[in-house]
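Single-structure report; data block below.
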Amino acid sequence: MPGRVMSEDDNSPISAREARRLFAGLKAAPALVLAVSGGPDSVALMWLAARWRRALARGPELTVVTVDHGLRPEAAREAREVKRLATELGLPHRTLRWRGAKPKTGLPAAAREARYRLLAQAARAVGASHVLTAHTRDDQAETVLMRMLRGSGLGGLSAMAGVSQRDGIVLARPLLDVPKAQLIATLKRAKLGFADDPTNRDTAFTRPRLRALLPLLAAEGGDARTLVRLAARLARANAAVEVLADGAERFLRLRDRDVAPQVGIRSFEASAFAALPEEVRLRLLLRAIDALGHEGPAELGKVENLMSTLDRAMAGPGAAANGRPVLKQTLAGALISLAGGRIQIAPAPARRRKGR
């Protein structure tokens, strides 16, 4: 697992000792892919990882991967510059291109999905267990702000995890507690150049607009360090609630030990479900809908509305009646019903195409 930089000075270069701490949990990995765009953060990641690897008697093989999204004419030149730097550091380099039509809306999200998909493919191709990205403390603070404005729940407000799974590959962010200023100071000391992506200042996108707000928030005490601390505390609370939800699932299964399970269906005794804390009930619904639905992850707000409807139906006079459902609703490709004192979640029938 990635370590943490404990430097008191956010503008000081990262020392060799601090770099060892950052990558210490990755020594046993067979191979690592470094996601390097050419910007200061990812160039610093490459340089720090290469220096760390050279100091090891044995360690993981490193491969540098640059994803060219085909959105800026400068991207190909920046990829060639990353390749030049990687070669100087003795590291193999690959450039992967996002091909095909680009969406007219939601472009940043689509580009991010494409980038992670291509990075995971590259990792599998070289036998790497991990993909390392160069997200910093500043990126984490911006993510917290974005998700606050979207009204995210506990999981979303926990922001980015230091280690997570994606497409069967471990995604690691070893610089997540490192301020960007430290990385730039590190590059200056190493006399390494880096690319400047103008989209990072393009106020047509949400993240650059929020980035411009950070100095104003910092003046009121809401600096990046404070926002990241908030995310860490919410992540801790989120993990605790997940444990409670796991226990609640076991509790409901024990209550149903005399009920024959049905393949491809989740079923809860309504009265036992209603007695659980609201956040736990919400998570159990989300888990079931995401597991059995066929239209992607359910939106939190829609599941909250569904649970309100379900709560009213369970409190109604017909909730315990046999046979006839008192509630029947689809969400994210799942069918949720309440009948005979039981809540049932199953895959919804496929929607008919228009004109048929």
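Heads up, the sequence shown stops at 371 in my numbering, and the numbers go up one at a time, no gaps. Positions of the beta carbon are idealized from the N, C-alpha and C atoms, including for glycine. Because the structure is a prediction, the values reported are computed rather than measured.
Between the options, which has its C-alpha nearest residue i's C-alpha?
i	options	result
Pro213	Gln277, Gly142 and Glu93	Glu93
Arg251	Gly142, Leu169, Leu160 and Trp67	Leu169
Ala59	Leu299, Lys42, Leu191 and Arg127	Leu191
Pro433	Gln180, Arg226 and Ala44	The structure shown does not extend to residue 433, since the chain is modelled only from 16 to 371, so the question has no answer here.
Val185	Arg216, Ala116, Ala137 and Ala227	Ala137
Gly166	Ala234, Glu319, Gly236 and Glu89	Glu319
Ser144	Arg248, Pro276, Arg132 and Val48	Val48
Ala101	Leu71, Pro230, Leu63 and Arg114	Leu63
Ser52	Pro28, Arg87, Arg222 and Arg68	Arg87
Ala260	Gly236, Leu242, Ala233 and Ala290	Ala290
Leu321	Arg69, Lys343, Arg109 and Ala116	Lys343
Kindly list the residues whose CB is nearer than 7 Å to the CB of residue i, restricted to its own chain and excluding five residues on each side of it in sequence; keep chain order.
i	result
Asp25	Pro194, Ala196 and Gln197
Ala313	Leu301, Ile304, Asp305, Leu346 and Ala347
Ala174	Gln155, Thr158, Val159, Arg162 and Ala246
Pro123	Phe220
Ile199	Pro55
Below 8 Å CB to CB, which residues in the same chain sit around residue i once its five sequence neighbours on both sides are set aside?
i	result
Pro118	Ala125
Ala90	Asp83 and His84
Lys365	Looking at the sequence provided, one finds Ala at residue 365 rather than Lys. Excluding positions up to five away in sequence, the list reads His309.
Ala227	Thr218
Glu23	Low confidence applies here, because Glu23 scores a pLDDT of 46, under 50, leaving its location unreliable and the question unanswered by this model.
Ser27	Gln197 and Ala200
Identify, in the order they occur along the chain, each residue of the same chain with its Cβ nearer than 6 Å to the Cβ of residue i, setting aside the five sequence neighbours on each side.
i	result
Ala354	Pro340
Ala363	Thr345, Gly348, Ala349 and Leu350
Ala330	none
Arg281	Ala303 and Ile360
Lys42	Gly74
Met21	In this prediction, Met21 has a pLDDT of 45, which is less than 50 and means its spatial position is unreliable; nothing more can be read from the coordinates.
Met16	Confidence in Met16 is poor, its pLDDT being 43 and thus under 50, which makes the residue's placement unreliable; the coordinate value appears in the next sentence. Contacts found: Gly40 and Val178.
Leu249	Leu169, Leu172 and Ser173
With the cut-off set at 8 Å, would you say residue i and residue j are in Cβ contact?
i	j	result
Phe288	Ile358	yes
Leu111	Leu77	no
Thr148	Arg188	yes
Ala263	Leu315	no
Val82	Arg130	yes
Glu293	Val256	no
Val146	Ala50	yes
Leu229	Ala239	yes
Ala210	Glu96	yes
Gly279	Leu297	no
Ala34	Trp67	yes
Val243	Arg152	yes
May I ask you to list the residues that DSSP assigns as paired with residue i?
i	result
Arg112	Asp83
Ala219	DSSP lists no partner for Ala219.
Arg357	Glu284 and Ala354
Lys343	Ser352
Pro362	Ala349
What ranges does the alpha helix (DSSP H) occupy inside the region 291–338, keeping only unbroken runs of at least 4 residues that lie completely in it? The DSSP assignment places complete alpha helix (DSSP H) segments of no fewer than 4 residues inside the region 291–338 at 293–307 and 315–330, in order along the chain.
Length at least 3, wholly inside the region 35–105: the beta strand (DSSP E) runs in chain order: Fully contained in the region 35–105 are the following beta strand (DSSP E) runs of length 3 or more, in chain order: 46–50 and 76–83.
Beta strand (DSSP E) runs wholly inside the region 121–188, at least 3 long, in chain order: 145–147, 178–181 and 184–187
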